[in-house]
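Number of protein chains: 6
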Amino acid sequence: MNRVFITRRETFNAAHKLWQPAWSDQKNQEVFGACSNKNWHGHNFTLFVTVSGEPNSETGFVMNLQRLSTLIRSEVTAHLDHKNLNLDVPFLRDVMASTENVAIAIWNILAPQIRELGAELEKIKLVETENNFVEYYGGNKPF
Amino acid sequence: MNRVFITRRETFNAAHKLWQPAWSDQKNQEVFGACSNKNWHGHNFTLFVTVSGEPNSETGFVMNLQRLSTLIRSEVTAHLDHKNLNLDVPFLRDVMASTENVAIAIWNILAPQIRELGAELEKIKLVETENNFVEYYGGNKPF
Amino acid sequence: MNRVFITRRETFNAAHKLWQPAWSDQKNQEVFGACSNKNWHGHNFTLFVTVSGEPNSETGFVMNLQRLSTLIRSEVTAHLDHKNLNLDVPFLRDVMASTENVAIAIWNILAPQIRELGAELEKIKLVETENNFVEYYGGNKPF
Amino acid sequence: MNRVFITRRETFNAAHKLWQPAWSDQKNQEVFGACSNKNWHGHNFTLFVTVSGEPNSETGFVMNLQRLSTLIRSEVTAHLDHKNLNLDVPFLRDVMASTENVAIAIWNILAPQIRELGAELEKIKLVETENNFVEYYGGNKPF
Amino acid sequence: MNRVFITRRETFNAAHKLWQPAWSDQKNQEVFGACSNKNWHGHNFTLFVTVSGEPNSETGFVMNLQRLSTLIRSEVTAHLDHKNLNLDVPFLRDVMASTENVAIAIWNILAPQIRELGAELEKIKLVETENNFVEYYGGNKPF
Amino acid sequence: MNRVFITRRETFNAAHKLWQPAWSDQKNQEVFGACSNKNWHGHNFTLFVTVSGEPNSETGFVMNLQRLSTLIRSEVTAHLDHKNLNLDVPFLRDVMASTENVAIAIWNILAPQIRELGAELEKIKLVETENNFVEYYGGNKPF
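Protein chains in written order, with the working numbering: chain A, 177 to 319; chain B, 177 to 319; chain C, 177 to 319; chain D, 177 to 319; chain E, 177 to 319; chain F, 177 to 319.
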């Protein structure tokens, strides 16, 4: 198989806080620092979704990137954009809203649906700030 | 005077919502759309502060950019970073937390303090997303 | 008037060539070099539209940036995106498709419509490559 | 072997369209949408070429990046820059000019020549827009 | 006159230190901090040169950007790239190598030569780091 | 193990030259070109440190990115920022200051210390210019 990897970028702007409800206020402050601010803070998140497959002989496409964009928007970013990650997102209920956990949740939503479209989800990259980002390959050590 | 302009970039990550308390929920939704989400959303804001002056003959500096950075951080971004612009910021109390108004408030804080340091505040540029930004020149039409 | 400037970024991907029909092939090649390739080349153009006004006391907005985005898309980028600037664009007919001239044409379309929305068009910035961009302020020397 | 990976970035600006000649106009429009515009569109493409090897004990180099740049320019981007990918490029003749296929063609040109220079081609990354890019590792699943 | 502004970006990588020879080592350290390191430090500088004029009716150009690029490279960046700003640059001899002073020196070289080419130099922007940049408009207050 | 990868970006500005002391001046010039300038040149280096691990069930973190940032700054960038890579850096003594070798040296410092913090160093990416970067995975072929 002549495998090629294609990536689509999408964005969402959301509020969150890092807060462990099982802990005291003081411990939350000690562990999470400014990220535990009770009244929230927020980010412009950038999401990169990488899928692989063999280019179709007629289209030259691994898959149609507009189709992939529509899928990511309807299944993922529509639920995250201009939302509060701790309060508003069904698929993050009872999850610590760390960037790591958001990336895992996005993988779990997209992987089966991308497989139905004939491609394979390879990587979720979620950029929180210009200094911090997370990559998830389905739990495997990719390299 | 041989005037030169220097700019310092700083960042802050904050939550906010666009919400006019004098209006009904429905009108807020109509005017502000997703930005009125009750549980907030947020952004990585990027702030550019431009000051002018004549380079000092001994240092070659309009002003020391480390000094400018320290001023911006202590007077401005320390109060905005990892905060809620609607709830947590003394200098935004009773102000609609639009990017326009945040830029004006930052100008009003910094202009007199930069003048005391021997330079002149020329411009506040506040970037909310990769698609939207605001510039303020003290209320004047700069060009 | 407490004037604030807001900018909206939009993008379009287009083909063009620099070709003066009144000239010989050789002169086109001499003046425009690779940009005169008969079979076209293309760019990811980035358009920045800056408008000014006084923030509304109820909304904090100079104007609604979603409204501005909709205007730019319907009046400008819908006619340029995935098009050939020399062949497909009614408002560029009989115009050399240089970045300078495209910026002027965009100004001429948007200026009256933005005035009707209660703001003032201040600047068109059109980025052709990471190394080249054009700015137009309605023909004035802005500074 | 103490393997290190080095990457060189190059750019080219080109026109193309997505068009399957075996199909009707209507089917091309349905599958490729705006990308099938008959009069072409274009992009600023960014190409990243990654090679690996062991740093030379005298130079500290995997290979000389100026040498790599010269190779990419003479063998690849000189044939793509300010060209039409569908019409002007010998190594894309009879190939659907999708970003996937362009990346594969670039790999096939560079891999043997980089091996002759004592390094190994590891990855071609081709960025079409800020939202879409392709990566090719010679057909393998790299991770 | 229907004035349009065009900008060309060029880059150079250079070493420098901030060091006032009339001062003691201690005072240099106090004023310039880490920037006074005796063994130098360095930057990837990015230079933006903005010129204005009226687009030519035949070419659509304010001026040919390739011509402008050649001028900047031969007169400016060839003397700065992979050099030491304090030691290697004739036009910076006896000048404190602050970014402000480098921008002024570049203006003084380019302004008369751009005028000879029929355009007007409007602005030198010199970016030292992602956090710091300088703009010079010939000593005027541009706005 | 449900492995997630997190990356922290840090920056440093440094001078260096590529110079092999065992060679003649002429050979240094032939091999390293402008990079061999005797009086040094410099760069804004950008460093990306990627570590992996399983998110902690209470914090959602692979490891605290502030802790990682503090480690990188104290052990690595404090010794490189505003320094001369050939003269000032204990851990680069007797090493050709190529980007490849700097990346290897950074890996060797950080790998054991990150392991003590309960995570695993996966990758050092060191960006020298917008056109050139190096990646190191501990000497392995990661994919």
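Note that beta-carbon positions come from the ideal geometry of N, C-alpha and C, so glycine has one too.
These numbers come from a predicted model, not from an experiment.
Identify which residue in A:Phe-221, A:Arg-179, A:Asn-284, A:Lys-214 has its Cα closest to the Cα of Met-239 (chain A). A:Arg-179
Strand pairing of Leu-297 (chain D), partner residues [DSSP]: D:Val-227
By the three-class DSSP mapping on this structure, what secondary structure does Arg-243 (chain F) have? helix
Whole angstroms are fine: how far does the CA of Gln-242 (chain A) sit from the CA of Gly-209 (chain E)? 51 Å
So, Asn-320 (chain F) versus Gly-236 (chain D), is the Cβ gap smaller than 7 Å? Missing from the structure shown is residue 320 (chain F); chain F here goes from 177 to 319 and no further.
Roughly how many angstroms lie between the CA atoms of Val-252 (chain A) and Ile-282 (chain A), to the nearest whole one? 7 Å
Alpha carbon to alpha carbon, how far is Asn-307 (chain A) from Glu-186 (chain F)? 7 Å
With a threshold of 7 Å between beta-carbons, can Thr-275 (chain E) be considered close to chain C, or not? no
7 Å Cβ cutoff, His-217 (chain F) in contact with chain E: yes
Does the separation of the CB atoms of Thr-305 (chain F) and Asn-220 (chain E) fall below 7 Å? yes
Under 7 Å by beta carbon: chain F residues contacting Thr-305 (chain E): Asn-189, Asn-220
Would you check if the distance between the CB atom of Trp-216 (chain C) and the CB atom of Asn-189 (chain D) is smaller than 7 Å? no
Okay, do the segment 221 to 231 of chain E and the segment 221 to 232 of chain F touch, 3+ Cβ pairs below 8 Å being the bar? no
State the Cα-Cα distance for the pair Ser-233 (chain B) and Lys-301 (chain B), rounded to the nearest angstrom. 29 Å
Min CB distance His-258 (chain F) to chain E below 7 Å: yes
Just to confirm, are Glu-298 (chain E) and Ser-228 (chain E) a CB contact at a threshold of 7 Å? yes
Val-310 (chain D), enclosing beta strand (DSSP E) - first and last residue: 308 to 315
Presumed contact (8 Å Cβ cut-off) between Phe-309 (chain C) and Thr-246 (chain E), rounded CB distance: Phe-309 (chain C) to Thr-246 (chain E), Cβ: 18 Å. No contact.
Answer yes or no: do His-258 (chain A) and Val-265 (chain A) have a C-beta to C-beta separation smaller than 7 Å? no
Could you please give me the residues that DSSP links to Asn-304 (chain B) through a beta bridge? Correcting the residue type first, residue 304 (chain B) is Glu in the shown sequence and not Asn. In the DSSP output, where bridge partners are listed per residue, Glu-304 (chain B) has none listed.
Arg-291 (chain B), DSSP secondary structure in three states: helix
Residue from C:Glu-311, C:Ala-198, C:Arg-291 whose Cα sits closest to the Cα of Ala-279 (chain C): C:Glu-311
What distance in whole Å lies between the Cβ atoms of Gly-314 (chain F) and Ala-287 (chain F), which are believed to be in contact at a cut-off of 8 Å? 7 Å
Which residues in chain D sit within 8 Å of Asp-264 (chain C), going by Cβ to Cβ distance? Asn-213, Asn-215
Can you list, in chain order, the residues of its chain whose CB lies under 8 Å from that of His-192 (chain E), leaving out five sequence neighbours each side? Trp-216, His-217, Gly-218, His-219, Asn-260, Leu-261, Asn-262, Ala-273
For Ile-118 (chain F), go through chain D and note every residue whose CB falls closer than 9 Å to its CB, in chain order. Nothing can be reported for residue 118 (chain F): it is not among the residues displayed for chain F, which extend from 177 to 319.
From Asp-270 (chain A) to Trp-199 (chain A), what does the alpha carbon distance come to, in whole angstroms? 15 Å
Partner residues on chain F for Val-207 (chain A), Cβ-Cβ distance less than 8 Å: Thr-235, Asn-240
Does DSSP put Ala-279 (chain A) in a helix, in a strand, or in coil? helix
Other residues of its chain near Leu-244 (chain E): CB distance less than 6 Å, five sequence neighbours each side excluded: Arg-184
So, with DSSP's three-state summary, where would you put Lys-203 (chain B)? helix
Mapping the DSSP letters down to three states, classify Arg-249 (chain B) as helix, strand or coil. helix
Proximity below 7 Å, CB of Phe-319 (chain A) to CB of Phe-319 (chain D): yes
Cutoff 7 Å: Thr-183 (chain E) Cβ touching any chain C Cβ: yes
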